[in-house]
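K.L.:
With the first letter of the sequence shown counted as 1, position 5 gets the number 5 in the numbering used here; the numbers rise by one all the way through.
The C-beta atom is built at its ideal place from N, Cα and C for all residues, glycine as well.
Here it is, the structure in full.
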Amino acid sequence: MELSKRQEQIIEIVKANGPITGENIAEKLNLTRATLRPDLAILTMAGFLEARPRVGYFYTGKTGSELLTEKIKKFKVQDFQQIPVVVREEVSVYDAISTMFLEDVGTLFVVNEKSCLTGVVSRKDLLRASIGQHDLNALDIHIIMTRMPNITVCRKDDLLLEAAKKLIEKQIDGLPVVKDTEDGLHVVGRITKTTITKVFVELATDSAL
1 MELSKRQEQI
11 IEIVKANGPI
21 TGENIAEKLN
31 LTRATLRPDL
41 AILTMAGFLE
51 ARPRVGYFYT
61 GKTGSELLTE
71 KIKKFKVQDF
81 QQIPVVVREE
91 VSVYDAISTM
101 FLEDVGTLFV
111 VNEKSCLTGV
121 VSRKDLLRAS
131 IGQHDLNALD
141 IHIIMTRMPN
151 ITVCRKDDLL
161 LEAAKKLIEK
171 QIDGLPVVKD
181 TEDGLHVVGR
191 ITKTTITKVF
201 VELATDSAL
């Protein structure tokens, strides 16, 4: 986040005189309290300043990069998860390939008759199957999929940063977001490398404005 000259002046005043009221800050800048109100609100919401009722403003001592890091660490999977693309165990590899390209995804989640997660299929899995000597219409997806419990998952309350670490450590493109039920793990969403990259790029862009 790029601060205006006046916002930088406010921070320096609070550093030197905090705790200090908004009225006193306005006096030092020869401005009205109403004129300063938007700047104080921005600096407080951004985390540079902390406001305490009947006391005044404090400088938090945090830099822009530290505040950005703190913000990232609070992101949850549920805030960014997308609609999952699932197929049933009995579909053919041919149909799975069609679904993957029609939906423009890199990973399909395979579910059973109770809609519980049983497997995952990636582009690489489908590519390997397609270059073999198989009849793709006769080959069921469950033959080539990665099965439970060898599937890395995440849950909606997990931190987005932890999901990103799983993607990197396992060298995979996507994670199913699951919900625990009596029948098993129900797929309720997905988190991908593309999703996380977009989040970080948008965050960095917003912070530079």
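Around the Cβ of leucine 209, are there at least 16 other Cβ atoms within 10 angstroms (buried) or fewer (exposed)?
P.N.:
Position 209 of the sequence shown, counting from 1, holds the residue named residue 209. The predicted model places leucine 209 with a pLDDT of 42, which falls under 50 and marks its position as unreliable; any figure quoted below should be read in that light. Answer is exposed; the Cβ neighbour count stays below 16.
K.L.:
Compute the Euclidean distance between the alpha carbons of proline 38 and isoleucine 13, then round it to the nearest angstrom.
P.N.:
Locating residue 38 in the sequence shown gives position 38, counting from the first residue. Locating residue 13 in the sequence shown gives position 13, counting from the first residue. Roughly 16 Å between the two C-alpha positions.
K.L.:
Using only alpha-carbon positions, find the residue among Gln81, Gln7, Ile72 that is nearest to proline 176.
P.N.:
Counting from 1 along the sequence shown, the entry for residue 176 is found at position 176. Residue Gln81 is the option with its Cα nearest to proline 176.
K.L.:
Pop quiz: glycine 106 and arginine 123 are said to be a contact at Cβ under 8 Å. What is the actual Cβ separation, rounded to whole angstroms?
P.N.:
Sequence index remark: in the sequence shown, residue 106 carries index 106 (1-based). Sequence index remark: in the sequence shown, residue 123 carries index 123 (1-based). Confirmed, Cβ separation roughly 5 Å.
K.L.:
Could you spell out the range, first to last residue, of the beta strand (DSSP E) harbouring leucine 117?
P.N.:
As a working mapping, residue 117 is identified with position 117 in the sequence shown. From DSSP, the beta strand (DSSP E) with leucine 117 extends over 117 to 122.
K.L.:
Determine the DSSP secondary structure at alanine 51, reduced to helix, strand or coil.
P.N.:
Here the question's residue 51 lines up with position 51 in the sequence shown. In this structure, alanine 51 counts as strand in the three-state DSSP scheme.
K.L.:
Report yes or no: do the segment 91 to 108 and the segment 45 to 63 share at least 3 C-beta pairs separated by less than 8 Å?
P.N.:
No: the two stretches stay apart, fewer than three of their Cβ pairs being nearer than 8 Å.
K.L.:
Alpha carbon to alpha carbon, what distance is there between isoleucine 72 and glycine 56?
P.N.:
Working through the sequence shown from its first residue, we reach residue 56 at position 56. Working through the sequence shown from its first residue, we reach residue 72 at position 72. Glycine 56 and isoleucine 72: Cα-Cα distance of roughly 28 Å.
K.L.:
Three-state secondary structure (DSSP) at valine 201?
P.N.:
Here residue 201 refers to the residue found at position 201 of the sequence shown. Residue state, collapsed to three classes: helix.
K.L.:
Please report the straight-line C-alpha distance between leucine 167 and threonine 192, rounded to a whole angstrom.
P.N.:
Position 167 of the sequence shown, counted from the first residue, corresponds to residue 167. Position 192 of the sequence shown, counted from the first residue, corresponds to residue 192. Taking the straight line from one Cα to the other gives about 8 Å.
K.L.:
Is it true that the CB of phenylalanine 109 sits closer than 7 Å to the CB of valine 77?
P.N.:
Locating residue 77 in the sequence shown gives position 77, counting from the first residue. Locating residue 109 in the sequence shown gives position 109, counting from the first residue. No, they are not a contact pair.
K.L.:
Alpha carbon to alpha carbon, how far is threonine 181 from phenylalanine 101? Give it in angstroms, no decimals.
P.N.:
On the sequence shown, position 101 is the one that residue 101 refers to. On the sequence shown, position 181 is the one that residue 181 refers to. Answer to the nearest angstrom: the Cα atoms are 30 Å apart.
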